[in-house]
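Note that the first sequence ends on residue 887 in our numbering; no numbers are left out.
These notes are about the structure you will find just below.
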Amino acid sequence: MNASPLPSNPGEQVLPTHYDPAAVEVPLYQRWLAAGYFKADEQKVLSGERKPFSIVLPPPNVTGDLHVGHALDHTLMDVLSRWHRMSGDEVLWLPGMDHAGIATQNLVEKKLAVDGKTRHDFGRELFIEKVWDWKHESGGAILGQMKRLGDSVDWSRERFTLDDGLSDSVQTIFKKMFDDGLIYRAERIINWCPGCVTALSDIEVDHSDDEGELVSIRYGDGSSAIVVATTRVETMLGDTGIAVHPDDERYAHLIGTTVELPLVGRQIPIVADAHVDPEFGTGAVKVTPAHDPNDFEIGQRHGLKAITILSEEADIVSTGTAFDGMNRFEARSAVKEALRGQGRIVGEKKPYLHAVGHCSRSGDVVEPRLSLQWFVNVAPLAKAAGDAVREGRTKIHPPELAPRFFDWVDNMHDWTISRQLWWGHRIPVYYGPNGEIRCVGPAETPPGDGWVQDPDVLDTWFSSGLWPFSTMGWPEQSDTLEAFYPTSVLVTGYDILFFWVARMMMFGTYLGDKAELPSVPFETVALHGLVRDQFGKKMSKSKGNGVDPLAWIEKFGADAVRFTLARGANPGADQAIAEDWVGGSARFCTKLFNATRFAMMNGAVLPESPLAAEDLAPADRWVLDRLDQVIAETTNLLGDFQFGKAAEGLYHFAWDEFCDWYLELAKIQISASADDPARLATTKAVLGTVLDALLKLLHPFVPFVTETLWTALTGGESLVIAPWPVPSGRSTDSASAAWVADVETLTTEVRRFRSDQGLDPKRKVPARLVGGDETVSAFAAALTRLTEAGEQFAATASIEAALVRGSVHVELDTSSTVDVPAEIARLEKDLAVAKKEIEDTDKKLGNESFMGRAPAPVVDKIRTRAAKAAADVERLSARIRDLRGSA
RNA sequence: GGGCGCUUAGCUCAGCGGGAGAGCGCUUCCCUGACACGGAAGAGGUCGCAGGUUCAAUCCCUGCAGUGCCCACCA
């Protein structure tokens, strides 16, 4: 049973019953590429022919593989892109990759280390060449994985953050900001990774609660003794003062005096500073200005020297003590022991849990370090970014996440942008012979002899922060920018709201305020959550609960993975995923395949002219009405980024309504109208109409199977460029809906009876309808057809299956035997429920306050319930009496 | 230490001021002429706890408990 695409001559051939995605997906994607469907055309926008819809892909790291988070992110972007493309918009989904400074450089350095080499063995230029070599050979594996997933990106526009054009963007904006005083160089305490030997920004530091030891040390002796506490004992070698709170009476007499620093012998002053919390510890703080941000500020206020005692690799240096040359952790123990030997350790050893910063790349404990670095003055930029959201120029979706954004942009520290790396955009600043500094733009010639360029490169996030416009050609005023900027929506996880989104907003609004570009980089930021394992736990390497979306794609197909992810995606909320659920989505694709197969075998066809309402049977009318509703709902939900609910609604309509009910009713219609060509044609046309629209609606979610089926069904060129469905405009026919609901109830009642009675399914038992009004004839007809179609109605003991409206019953033949006591028990249970319902409704209907205030529809509903319950009681009681009598 | 969120069926989650829902899992029956990757019929929930508002609370308010995330320079 090989899976294969459907035959080109509908209905002529028996199709396989299983759909094999692997056989279809890869060639289909190639076909789409060859047809150029994903290419965007600026001219169609600039000429006014089409509205633009644009998304820039959050650039994955060149070192990365497609993980399940990407799979979600990309699926949602692809749903939007495909939906808009079908809706007639000119869609640009722009792909690319990030050079990922530290990550990539570390990776290549590790490869060199295998041969015992370091980057310094090669020198800057050769090393960078090696990184490029690696990039060309093994980088960007993720691009192929994106194709496997089905991303409808415009590959002709793929960008890399180190491309020439993007480098021009970097240099141009750097110079503008430098000239505006927004970029400056200063000696500050920054986060330093001794493993990577570079500065880090705040967001590259992860905090975790680590166990440390809070050690109390006595400085000085006798009446001038003062006790301080620290978790980083070795930093005392760099102490240049002690601070106490100005109002702290315990230490008032010591302020202005000096005390000898143990082990080192230097005299250090005791100063008063309001930063000190007198309640914490002893109320006295050792001050190490070169290795602690608070201490640095205290030092500045009191003119204390900053003595650096750690090398770039975090070894003790220049203290003139025996500790020089030790690494910081060795020194921590050694210094403590030495102090203990002098009797200066006070109190017991106390374990102490406190937040410790780790390098997000290497995991090394980050060391605050006094260092000369480049910074971005973020206050004005962050305010502009925050204002853009506050003023609604960029909307954050879901809006509940906006406060997080504000919290962040309003409290951001200046951004350390220089990195002591080689892989990245080199800072375009030159230092002249007389201490002059010159920032050079991309078009300018660098200064000549005697000038030296800054050796550092920029933080990776600096260039990715320019992504929305650098990829479109800025600083050139390109047609692409004109047509597609600002981008329509940015789709990403809330976890990088701060890392990346905030930076793009800062740069984008900066250029917007300078009137270089429109005011913001995106109209909407649509945030989704994290993908977790099936128990809702965060995936992590150490727990081993991560999943590989590529393995699932191979096993179940890209459609199945996409549908599972889309179906679970609720705005801003995390979602779980499990292999079984992906399997469920694969079965959904099979179901679609088989439903289409069945419809085609029965000659489903798209009608040439619109279906006339008067030709339609109730089931036709009902399914077409439902289709209209589903079209409207799906369109609205997608417009609101409610991917999960849109997918859920389509799943429910396709399976529970179209397959379970309409297809079954269509079978009856087809067999009953063998000699009525007009009726037969109508049913085929309805099948074709519903499937056509359903496959279109599902295409953004499951592009491969829908494309396979739709092209076979309709002979059309491709769903990628097919028009998005719109509701027919017919008004809803509530009578048909009620008819179908009744048929469902009737059928279910009978089936339940058969099941309860354990009747042999093969056994056909006659049934007849009883009732008083004209609807009986309609039901009689339906029932006859259902029976003909093999839906056998069981019979025994005059059991009725009552319909909702109480006017029609199916009365089953009494000739068979039935388990009377069991049936009575079941009926009595139902009777009790009905009686309780009457109690409830009576209570409400008798409640004057309720009747006075409840809205009319609510009262109507309750009256209906009451009426139904009353009818149930009557019917069930009568039946029970009959059964008892016959027993 | 701040801020935010969550607590609904065994698991993961929708829902929401007026009759408790889905997927997966589970039980029973059925290889009926699209599909056994299927069909049918079921079981299973004091909607975290305690108060309050209301004619009516899973839904709104308060408190408590549990849990998760983000931010954070208290040594």
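Just so it is clear, CB atoms sit at the ideal spot from N, CA and C, and this is done for glycine as well.
- With respect to residue 263, residue 308 sits apart: the two C-beta atoms are not nearer than 9 Å.
- Taking the CA atoms as reference points, residue 526 sits about 38 Å from residue 369.
- Of the residues assessed, residue 505 falls on the buried side of the cut-off, its CB having 16 or more other CB atoms within 10 angstroms.
- DSSP lists 354 as the beta-bridge partner residues of residue 210.
- Counting every other CB atom within 10 Å of its CB across the protein chains shown gives residue 748 a total below 16, marking it as exposed.
- DSSP, read as helix, strand or coil, puts residue 607 in coil.
- By the C-beta density criterion, residue 437 is exposed, having fewer than 16 other C-beta atoms within 10 angstroms.
- The C-alpha of residue 647 lies about 17 Å from the C-alpha of residue 150.
- Close CB contacts of residue 177 within its chain, under the 8 Å cut and outside five residues either way in sequence, are with 183, 376 and 510 (chain order).
- In the structure shown, residue 269 adopts extended strand secondary structure according to DSSP, grouped into three states.
- If you draw a 10 Å sphere on the C-beta of residue 760, you find fewer than 16 other C-beta atoms in it, and that means exposed.
- Straight-line spacing of the CA atoms in residue 276 and residue 346 works out to 20 Å.
- Contact annotation, residue 477 with residue 418: C-beta distance approximately 30 Å; criterion of less than 8 Å not satisfied.
- By the Cβ rule, the segment 35-44 does not count as touching the segment 120-131, because fewer than three pairs are nearer than 8 Å.
- Around the CB of residue 339, 16 or more other CB atoms lie within 10 Å, so the residue is classed as buried.
- Comparing alpha-carbon positions, the option among 431, 143, 210 and 47 lying closest to residue 482 turns out to be 47.
- Within the segment 686-753, no run of beta strand (DSSP E) at least 3 residues long lies entirely inside it.
- Rounded to whole angstroms, the separation of the alpha carbons of residue 843 and residue 619 is 38 Å.
- Cβ contact annotation for residue 440 (same chain, cutoff 6 Å, sequence separation greater than five): 428 and 446, in chain order.
- DSSP, reduced to helix, strand and coil, places residue 202 within a helical segment of the structure shown.
- For the segment 636-685, the continuous alpha helix (DSSP H) assignments of 4+ residues that do not extend past its boundaries occur at 643-652 and 663-672, in sequence order.
- If you check the CB distance, residue 415 and residue 223 do not come in under 9 Å.
- The beta carbons of residue 727 and residue 631 sit about 5 Å from each other, so the pair counts as a contact at 8 Å.
- DSSP, reduced to helix, strand and coil, places residue 98 within a strand of the structure shown.
- Under DSSP, residue 490 shares a beta bridge with 525.
- Residue 752 counts as exposed, since fewer than 16 other beta carbons sit within 10 angstroms of its beta carbon.
- Using a 10 angstroms sphere on the CB of residue 684, the tally of other CB atoms reaches 16 or more, which defines it as buried.
- Put simply, the backbone Cα of residue 78 is about 23 Å away from that of residue 49.
- A residue is called buried once 16 or more other Cβ atoms fall within 10 Å of its Cβ, and residue 247, having fewer, is exposed.
- The beta-bridge partner set that DSSP reports for residue 368 consists of 191.
- DSSP places residue 286 in the uninterrupted beta strand (DSSP E) bounded by 284-287.
- One thing to note: residue 134 has its Cβ no nearer than 9 Å to the Cβ of residue 700.
- Taking a C-beta distance under 9 Å as the contact criterion, residue 393 and residue 520 qualify as a contact pair.
- In this structure, DSSP gives residue 40 a state outside helix and strand, which the three-state scheme calls coil.
- For residue 258, the enclosing beta strand (DSSP E) stretches over residues 258-260.
- DSSP places residue 186 in the strand class (E or B) of the three-state scheme.
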